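Quick notes on the structure that follows.
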Amino acid sequence: MSTKAKKAPITGLKAKDVMKTSDITKQATFPTLFIVLYLLVELIPETRAIDVMAPQWLYVAILDLLCAGYFLTSKVDYGNAINKISRSSLTILYTSFYILSGISILVAINKVESLVCFARFTTTLFMYINLSILLYERKGIMNILCGLLTGILALQSFIVIVNFAKGYGEVDLNQLILGLKGTAGNKNILAASLVIKVPFLFYGFYRSISWKKWLYLASFTLACFAIALLNARAAYISFIAITLLYFFFLFRQGSKIWSSIISISLPLIIGFVLSAIALRNAAGMQENETYFGNLGQRLSSIAVDVKGSGHRLPLWNNAIGYVRHHPIMGAGYGNWKLASIPYEKIVTKDFEVNYHVHNDFLEAATESGIPGALLFLSVFMCAAFYLYKVIKNKTDKEAEITASFCFMALMVYAIDAFFNFPAERPVMQVFFALLLALIVNAYLQIQKNHEKESKEPKSCLKYFFIVSAILLIPTIWLNYSTYKSMKAQFEINADVQLEKPQKTYEEVDNSLPAIPNLNSFCMPVAIIKANYLYREKNYDQALALVKEGQKANPYLPYDDLLLSKIYSETGKRDSSLFFARAGFQKRPKSAALYQQLNASSFHAKDTASLNQAFATFIQYRSESWAWNEYLNYLYDLPHDTVRMRKLVDSALQLFPGDSYLQHKKSFLEQGK
Numbered sequence: 001m002s003t004k005a006k007k008a009p010i011t012g013l014k015a016k017d018v019m020k021t022s023d024i025t026k027q028a029t030f031p032t033l034f035i036v037l038y039l040l041v042e043l044i045p046e047t048r049a050i051d052v053m054a055p056q057w058l059y060v061a062i063l064d065l066l067c068a069g070y071f072l073t074s075k076v077d078y079g080n081a082i083n084k085i086s087r088s089s090l091t092i093l094y095t096s097f098y099i100l101s102g103i104s105i106l107v108a109i110n111k112v113e114s115l116v117c118f119a120r121f122t123t124t125l126f127m128y129i130n131l132s133i134l135l136y137e138r139k140g141i142m143n144i145l146c147g148l149l150t151g152i153l154a155l156q157s158f159i160v161i162v163n164f165a166k167g168y169g170e171v172d173l174n175q176l177i178l179g180l181k182g183t184a185g186n187k188n189i190l191a192a193s194l195v196i197k198v199p200f201l202f203y204g205f206y207r208s209i210s211w212k213k214w215l216y217l218a219s220f221t222l223a224c225f226a227i228a229l230l231n232a233r234a235a236y237i238s239f240i241a242i243t244l245l246y247f248f249f250l251f252r253q254g255s256k257i258w259s260s261i262i263s264i265s266l267p268l269i270i271g272f273v274l275s276a277i278a279l280r281n282a283a284g285m286q287e288n289e290t291y292f293g294n295l296g297q298r299l300s301s302i303a304v305d306v307k308g309s310g311h312r313l314p315l316w317n318n319a320i321g322y323v324r325h326h327p328i329m330g331a332g333y334g335n336w337k338l339a340s341i342p343y344e345k346i347v348t349k350d351f352e353v354n355y356h357v358h359n360d361f362l363e364a365a366t367e368s369g370i371p372g373a374l375l376f377l378s379v380f381m382c383a384a385f386y387l388y389k390v391i392k393n394k395t396d397k398e399a400e401i402t403a404s405f406c407f408m409a410l411m412v413y414a415i416d417a418f419f420n421f422p423a424e425r426p427v428m429q430v431f432f433a434l435l436l437a438l439i440v441n442a443y444l445q446i447q448k449n450h451e452k453e454s455k456e457p458k459s460c461l462k463y464f465f466i467v468s469a470i471l472l473i474p475t476i477w478l479n480y481s482t483y484k485s486m487k488a489q490f491e492i493n494a495d496v497q498l499e500k501p502q503k504t505y506e507e508v509d510n511s512l513p514a515i516p517n518l519n520s521f522c523m524p525v526a527i528i529k530a531n532y533l534y535r536e537k538n539y540d541q542a543l544a545l546v547k548e549g550q551k552a553n554p555y556l557p558y559d560d561l562l563l564s565k566i567y568s569e570t571g572k573r574d575s576s577l578f579f580a581r582a583g584f585q586k587r588p589k590s591a592a593l594y595q596q597l598n599a600s601s602f603h604a605k606d607t608a609s610l611n612q613a614f615a616t617f618i619q620y621r622s623e624s625w626a627w628n629e630y631l632n633y634l635y636d637l638p639h640d641t642v643r644m645r646k647l648v649d650s651a652l653q654l655f656p657g658d659s660y661l662q663h664k665k666s667f668l669e670q671g672k
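Note that full-length UniProt numbering has the sequence shown beginning at 1, numbered continuously upward.
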């Protein structure tokens with residue numbers, strides 16, 4: 001009897017009912033699987049690409065298309081979700097910003113680079129839409145998200161601590177900290193990606209009971225330790241803000257306030273104290289000065305001024321200046337990296353380029369004009385408004401709690417967008433898309449009570465898939481081409497560092513695709529190829545590629561440097577001097593251009609040009625090698641010996657320990 005009683009519920013099910021149960025399980029499994037796959041983008045390694053974002057963007061774009069295909073083929077009717085999501089104000093504003101950014105490509109300096117960057121925007125937009133659809137009316141998903149994200153947070157934090165320990169006392173502290181970038185691209189992005197998970201950890205801790213709370217606290221201790229080690233001030237600001245917001249949330253809830261605050265405060269104190277001790281000891285083990293060794297100073301330097309925000313204020317001023325002259329359309333999406341170069345003439349050394357404004361709101365203005373920046377800002381304002389409405393709504397307590405933690409995470413992203421450039425990085429964009437998806441669904445949930453449910457026709461799924469395919473297939477191809485290029489750049493950049501590069505022009509030409517036409521350092525791909533042709537003395541073909549490269553980036557004077565070298569090799573000394581001087585005027589802090597101008601001036605026997613180049617260069621970089629090179633060339637030209645002695649004496653006052661200068665002084669004294 002007992003055996004039959006146990007089997008009754010199972011044998012009592014009809015085959016049709018069993019199939020329905022199986023379908024329901026699948027219906028819950030696949031959306032969760034896609035959400036998990038999106039969040040795992042952070043675990044994708046570099047795969048020998050020069051920038052880890054290349055394989056990550058490709059991964060997400062493919063996932064976007066697969067997700068759209070799932071919506072079309074699933075037995076679940078996602079038509080109503082697509083309708084509700086697409087008609088929300090948040091989606092309309094974000095899509096409007098996307099469209100305006102696309103229109104700005106028409107006026108872009110480099111339209112190919114715009115398309116490469118726009119492919120990433122397309123990837124993010126569909127990631128937001130897909131996640132919104134996957135989360136539509138999905139109750140209880142926050143528990144899954146919090147568990148997964150806390151696990152990833154603990155793993156990433158542990159890796160940061162282990163990598164720090166490996167280099168502890170062995171590697172220069174500045175290099176060690178800067179090298180703690182994980183799969184994020186740099187330490188600032190990694191720090192932001194850690195902090196943005198903390199609100200989900202707080203939610204899990206708040207909701208959990210018994211032993212699970214200890215797991216969350218252990219993860220929080222690791223996170224505090226890692227975040228403090230990374231020395232990212234923007235991350236410190238957002239971490240402090242969300243911790244205070246969480247305490248405020250606890251006060252509002254009014255239950256077990258102090259026990260929760262103490263529980264969170266202890267691992268926070270432990271993590272930061274351990275980090276401070278580790279950093280102080282590491283700094284004490286090296287002779288060189290470090291700006292990462294004192295955690296207290298890093299925290300106290302958080303201020304929006306030249307000292308506190310590093311080099312950001314000049315970048316912001318440059319961006320504001322550009323927007324004043326280009327208020328409507330900007331430089332074209334993804335083209336600020338080019339438009340900014342003339343502004344950095346006397347700021348950056350050599351051929352370095354500040355690719356970003358370090359403020360995504362200002363960068364939107366520089367690339368899509370003021371209308372684009374306003375639309376981008378309106379996305380945050382709309383999201384904040386949605387959260388306000390959900391929190392103020394008293395009919396759904398769970399939605400109110402979820403919205404409170406989403407607000408904390410949105411604040412982390414907004415602070416990072418104000419100080420850095422999360423829009424470029426998939427590890428941050430996945431959270432931006434996830435947050436917007438959670439927010440729009442929370443808002444739609446409270447609106448549902450006031451609206452009649454309507455059944456959307458299945459055809460809208462077909463339309464959505466068609467639009468997705470039209471936009472995502474080219475996007476996947478662009479992301480793949482970029483990934484292929486970055487893998488090639490990884491090897492080529494290592495090759496050019498050699499005294500005698502081993503690769504041939506043919507190998508480089510075959511490995512670098514036509515798109516993108518700029519490398520990761522803003523160098524035209526055509527110029528890179530031309531440089532290999534120059535080494536192989538194929539000057540005519542090299543000149544043709546240089547002209548092609550000038551169109552891709554007309555502001556970075558590597559083309560002038562290469563032209564000067566080519567004309568010098570072909571005996572056209574006047575042309576060599578002309579292009580060396582032209583390049584040096586654009587980039588007077590470039591060592592390579594200074595050296596080339598010296599050589600061209602010497603061969604043209606132009607002492608005035610040599611003197612002028614030296615006087616200009618030492619205004620910005622008064623370095624011993626620059627003095628030595630100038631004195632060597634000057635000595636081999638007709639010169640005033642008395643002036644030469646004075647120059648050597650002046651140089652020795654600046655660099656008294658320089659053996660080359662001491663030798664020159666002795667040589668001149670012997671020759672009097």
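Backbone N, C-alpha and C fix where the C-beta goes; we use that ideal spot for every residue, glycine too. Computed from a predicted structure; not experimentally measured.
What's the gap between the Cα of residue i and the Cα of residue j?
i, j, result
"L338", "E113", "10 Å"
"V306", "L245", "Low confidence applies here, because V306 scores a pLDDT of 43, under 50, leaving its location unreliable; read the following figure in that light. In a straight line, the C-alpha of V306 is about 28 Å away from that of L245."
"L274", "L201", "21 Å"
"I341", "I159", "36 Å"
"V353", "L461", "44 Å"
"K394", "E400", "8 Å"
"F614", "L545", "31 Å"
"C522", "K111", "14 Å"
"L115", "G334", "8 Å"
"L654", "I618", "12 Å"
"I189", "P422", "7 Å"
"F272", "F225", "6 Å"
"M127", "V430", "7 Å"
"I261", "G254", "12 Å"
"G308", "L176", "A caution first: G308 carries a pLDDT of 49, below 50, which makes its placement in the model unreliable, though a value can still be read off. Approximately 22 Å, taken between the alpha carbons."
"L438", "A384", "12 Å"
"I141", "W336", "39 Å"
"Y630", "L610", "7 Å"
"F118", "S101", "8 Å"
"Y480", "Y38", "18 Å"
Let's test the definition: count the other Cβ atoms within 10 Å of the Cβ of residue i and tell me whether it reaches 16, buried, or not, exposed.
i, result
"Y388", "exposed"
"G69", "exposed"
"F405", "buried"
"N420", "buried"
"Y463", "exposed"
"E367", "buried"
"L33", "exposed"
Going by CA-CA distance only, name the one from the options that's closest to residue i.
i, options, result
"I85", "Y555, E536, T482, N441", "N441"
"T607", "Y567, S265, L593, L634", "L634"
"T482", "N517, N510, E507, A494", "N517"
"K75", "W57, F30, P45", "F30"
"A319", "R252, E569, Y343, G334", "Y343"
"N281", "G372, I209, F164, L374", "F164"
"V525", "K547, K537, Y539, D540", "K547"
"S659", "L637, W627, D640", "W627"
"L577", "K551, K589, K605, Y555", "K605"
State yes or no: is the C-beta of residue i within less than 8 Å of the C-beta of residue j?
i, j, result
"residue 677", "V427", "With the chain running from 1 to 672 in the structure shown, residue 677 is simply not present."
"E363", "S193", "no"
"L471", "Q286", "no"
"M486", "D51", "yes"
"A81", "I133", "yes"
"A232", "A191", "yes"
"I152", "Y413", "no"
"L561", "A592", "yes"
"I277", "T221", "no"
"K345", "P554", "no"
"L250", "I257", "yes"
With a threshold of 8 Å between beta-carbons, can residue i be considered close to chain C, or not?
i, result
"F376", "The question asks about chain C, but that chain is absent: this structure has only one protein chain."
Whether or not the stretch 628 to 646 and the stretch 660 to 670 are in contact is what I'm after, with contact meaning three or more pairs of Cβ atoms, one per stretch, closer than 8 Å; do they touch? yes
Touching by the beta-carbon criterion (3+ pairs, under 8 Å), the stretch 91 to 101 and the stretch 374 to 391: yes
Is the number of C-beta pairs between the stretch 472 to 481 and the stretch 432 to 446 that are closer than 8 Å three or more? no
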